[in-house]
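2 protein chains.
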Amino acid sequence: MDSDTWRRRLASLWQSSIPLATAMQVEIRRLDPQRLQLAAPPGPNRNHMGSAFGGSLQGLATLAGWGVTLVATGDAERYRVVVRDAHMRFDAPVFSELVAEARMPAPAALTAFRDALARRGRARLTVNVEIRGADDAPAARFAGEFVALEVSGG
Amino acid sequence: MDSDTWRRRLASLWQSSIPLATAMQVEIRRLDPQRLQLAAPPGPNRNHMGSAFGGSLQGLATLAGWGVTLVATGDAERYRVVVRDAHMRFDAPVFSELVAEARMPAPAALTAFRDALARRGRARLTVNVEIRGADDAPAARFAGEFVALEVSGG
C-alpha cells in the first residue's frame, strides 16, 4: 500500500469507527515515509480557558501513534494495533489549530518490528509524537507504546 | 462549597466549555470527600474494535484528575487548574461503560497542597485515576500531575 492508500484507509477507519475522531474533527494533513501529521481545529477541542483540552491533545497523539504503528505493519488487514502505554508532557497551552506529528520508525527499527511481527505474530513499537503551537514551538510531547497483533482466523 | 455544589459546578463547567466532554457524554457519577467518579457510555467512546478508544480513556481520566485538583483548591473562583503531565497504562480493553475513579488527596497531602497554594499562589498535585471494566477489574491506570494557579487580577 502506498501513502495515499494508507491515508484513505486511516481516514475511513477513524471516520467510520471512532466517533471521538469525528467529534475532534481530526484530519490527516500529511503522510509520507518519514511522518504522519494530524490536525484538528481548536473549536471542538477547546477547554474552559480557550486553549486545547488535554484530553484532545492525548487523543490526537494516540491516533497519530496508532496510525504510524498500523502503517509500520505494512498490512492493515492482517494486523490490529492496540495502545499499551501513553505518556504526555504538556509544556505550553495551544490556542491555535492542534497539530500532532508522529515520526515513522527509523529503517533499522522498522526492520526489527516487521521481523518480530513475521516471527511471532506480535511486535511492540514506541512512537514519539510532537504537538506544536501556532508559532511552531513545541507545546506537548507524547511517547506511546503500541502493540501490533496478527488477526487470528482465516 | 459542599460536594453537591462542586458536582454542579464541575458539570456546568465541562458542559459549557469543553465540547469533548459533551461528545464523550461524561457524567459525574459520584463526588464525596474520598473520590470523584466519572462515567461515559461506550457508544460515543468506542474504537474500531468495539472497545473503548484509548483517547477517550485518557480524556476521562484527565477530567477526573483535573476535577479532583480543582476541588482540592477549595475555591473554583480563585484558582485555575492545568494538566502538566499524564501517564496511562492500558491493561485490558473496556467493552462496557467507561468508569474512572480519582482519589482525593489524603488529609496530609491536601493540607500541604493548600498551604503551598496560600503561600505561593501555586501548587502541584499528583492524582491517581483508575479505570475499571464491566466486572470491576482494573482496565487502565492513570497518573496525572496538575498545577493549580491563583487567578491574577482583582
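For the record, the sequence lines run as chains A and B. Sequential numbering from 2 applies to the first sequence in the working numbering. Sequential numbering from 2 applies to the second sequence in the working numbering. Virtual Cβ for every residue (Gly too), placed ideally from N, Cα, C. Given the structure is predicted, the values throughout are model-derived calculations rather than measurements.
- For residue 26(B), the closest Cβ of chain A is not nearer than 8 Å.
- When 38(B), 58(B) and 20(B) are compared, the shortest CA-CA separation from residue 46(B) is found for 58(B).
- In this structure, the alpha-carbon of residue 111(A) lies about 29 Å from that of residue 143(B).
- DSSP places residue 51(B) outside both helix and strand once states are collapsed to three, so it counts as coil.
- Closest in alpha carbon position to residue 137(A), among 10(A), 99(A) and 105(A), is 99(A).
- Scanning chain B for C-beta atoms nearer than 7 Å to the C-beta of residue 2(A) yields nothing, as the closest lies near 17 Å away.
- Per the DSSP secondary-structure output, residue 139(A) pairs in a beta bridge with 133(A).
- Per DSSP, reduced to three states, the secondary structure at residue 96(B) is coil, with no helix or strand assignment.
- At a Cβ-Cβ threshold of 8 Å, residue 96(B) and residue 43(B) count as neighbours.
- Excluding the 5 residues flanking it on each side, residue 78(B) has same chain C-beta neighbours closer than 8 Å at 152, in chain order.
- Inclusion of residue 21(B) and residue 25(A) in the CB contact set at 8 Å is warranted, their separation being smaller than that value.
- What residue 54(A) touches in chain B, judged by beta-carbon distance under 7 Å, is 19 and 21, going in chain order.
- In the DSSP secondary-structure assignment, residue 87(B) is bridged to 89(A) and 145(B).
- Taking CB atoms only, residue 14(A) has a neighbour in chain B less than 8 Å away.
- The straight-line gap separating the alpha-carbon atoms of residue 86(B) and residue 126(B) is approximately 11 Å.
- Contact between residue 70(B) and residue 128(B) holds: CB atoms are separated by about 6 Å, below the 8 Å threshold.
- Inclusion of residue 49(B) and residue 13(A) in the CB contact set at 8 Å is not warranted, their separation being larger than that value.
- Taking each of 122(B), 147(B) and 120(B) in turn and checking the Cα distance to residue 106(B), the smallest one comes out for 147(B).
- Among the residues facing chain A, residue 70(B) is not included, as its CB has no counterpart in that chain under 8 Å away.
- Taking every protein chain shown into account, the CB of residue 134(A) has 16 or more other CB atoms within 10 angstroms, so this residue is buried.
- Comparing C-alpha distances from residue 123(A) to each of 63(A), 16(A), 83(A) and 36(A) shows the shortest one belongs to 83(A).
- In this structure, the straight-line span from the alpha carbon of residue 38(B) to that of residue 115(A) is close to 41 Å.
- For residue 141(B), same chain residues with a beta-carbon under 7 Å away, outside a window of 5 residues either side, are 58, 89, 90, 91, 92 and 132 in chain order.
- Between residue 11(A) and residue 56(B), the CB-CB gap reaches or exceeds 8 Å.
- Going by DSSP, residue 38(B) is part of no alpha helix (DSSP H) but of the beta strand (DSSP E) stretching over 36–41.
- Residue 31(A): member of the beta strand (DSSP E) spanning 28–32, first to last residue.
- Residue-level contact check: residue 122(A) does not touch chain B, since none of the beta carbons of chain B fall below 8 Å from its beta carbon.
- For a Cβ distance threshold of 9 Å, residue set 18, 19, 20 and 21 of chain A lies close to residue 47(B), ordered along the chain.
- The DSSP-derived three-state label of residue 69(B) is helix.
- The Cβ atoms of residue 15(B) and residue 32(B) do not sit closer than 8 Å to each other.
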